[in-house]
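Residue numbers (our numbering): 277 to 562.
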């Protein structure tokens, strides 16, 4: 049986932002006007703790370029998978604004999910940071540059994308020009558009559920067996069946992987098939 979300769930909203745009104030005002909860970094960490423990949870949610040490000692596909699982597990509950954490990439193309980019003139952002923290213009400029370099590295290394790319968002807002209240009101109006809400209820919730099942199954396989992501594929059918294809994986390892997925998704049917490892996948592993 396919798990269903709440019938009254409002569209999920993701917020990406340039530093110094007062985006957090816009989000607080939006939450106040709509009653939506807000998922911040600590909420993503809380979900991750249940999977990998406190130390790794803090490690995985840092929006920074990984060092050489991290690249060697941490499984980057697993990192992405754990972050995707955390974000989709929050999104599947509906009625939420997800603040940062790559949510705009993770939930891209989900019907009814609204992706927002909050921007601002660089000089105005520098001035605001300077006034807020009581630092010089030069220091404020350095703060903005440092944070945005880390953010660019986060998107580049973990998602292979340039940040920020306005074309990948549904709407771009500038609080320094429009004001906090107007920005929040625009987003309230957008979230209430009937066709967007209907899209989310009819298609979006199901797509988020599908993504959650797929990525959580992939994570359970890797955590249980240590398998390389290239040695298996996971597909989720409409009726709630998880199909796992293994490539040149020993039978005992396959059984351990399937067992881990079944233990996590007790109400879903889990099937497995085998296939030879393709040349393309072999090249990806070298």
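Think of the CB as a built atom: it goes at the ideal place given N, C-alpha and C, for glycine as much as any other residue.
| Asked | Found |
| --- | --- |
| Nearest candidate by alpha-carbon position, reference residue 390, set 367, 409, 399 | 367 |
| Check whether residue 361 and residue 491 have beta carbons under 8 Å apart | yes |
| Separation of residue 407 from residue 483, as counted between CA atoms | 43 Å |
| Residue 505 versus 353, 318, 314, 306, residue with shortest Cα-Cα distance | 353 |
| Cα-Cα separation, residue 316 to residue 374 | 7 Å |
| Whole runs of the alpha helix (DSSP H) within the region 422-467, excluding any shorter than 4 residues | 451-454, 456-467 |
| Limits of the alpha helix (DSSP H) - the one that residue 474 falls within | 470-475 |
| Three-state class that DSSP yields for residue 319 in the structure shown | helix |
| Residue 549 classed as buried or exposed, judged by whether at least 16 other C-beta atoms fall within 10 angstroms | exposed |
| N- and C-terminal bounds of the alpha helix (DSSP H) containing residue 405 | 398-409 |
| Residue 372: first and last residue of the uninterrupted beta strand (DSSP E) it sits in | 372-375 |
| Alpha-carbon spacing of residue 293 relative to residue 529, whole angstroms | 43 Å |
| Where residue 518 sits in the DSSP three-state scheme | strand |
| Cβ-based neighbour list, residue 517, same chain, cut-off 8 Å, excluding 5 preceding and 5 following | 544, 545, 546, 547 |
| Span separating the alpha-carbon of residue 420 from that of residue 400 | 12 Å |
| N- and C-terminal bounds of the alpha helix (DSSP H) containing residue 538 | 527-540 |
| Inter-residue Cα distance where the pair is residue 503 and residue 523 | 11 Å |
| Whether residue 393 touches residue 310 by CB criterion (8 Å) | no |
| C-alpha gap between residue 487 and residue 356, whole angstroms | 13 Å |
| For residue 383, the nearest candidate out of 452, 466, 446, 418 (CA to CA) | 446 |
| Cα-Cα separation between residue 386 and residue 412, rounded to whole angstroms | 42 Å |
| CB of residue 480 within 8 Å of CB of residue 388, strictly | yes |
| Coil, strand or helix - residue 380 by DSSP | helix |
| Run of the beta strand (DSSP E) containing residue 545, from where it starts to where it stops | 545-551 |
| Residue 460 burial status per 10 Å Cβ neighbour count (16 or more: buried) | buried |
| Pairwise C-alpha distance: residue 288 and residue 466 | 11 Å |
| Rounded Cβ spacing between residue 489 and residue 512 (contact assumed at less than 8 Å) | 5 Å |
| Start and end residues, beta strand (DSSP E) containing residue 507 | That residue, residue 507, is in no beta strand (DSSP E); it is neither H nor E in DSSP. |
| Where residue 453 falls, given that 16 or more other Cβ within 10 Å makes a residue buried | exposed |
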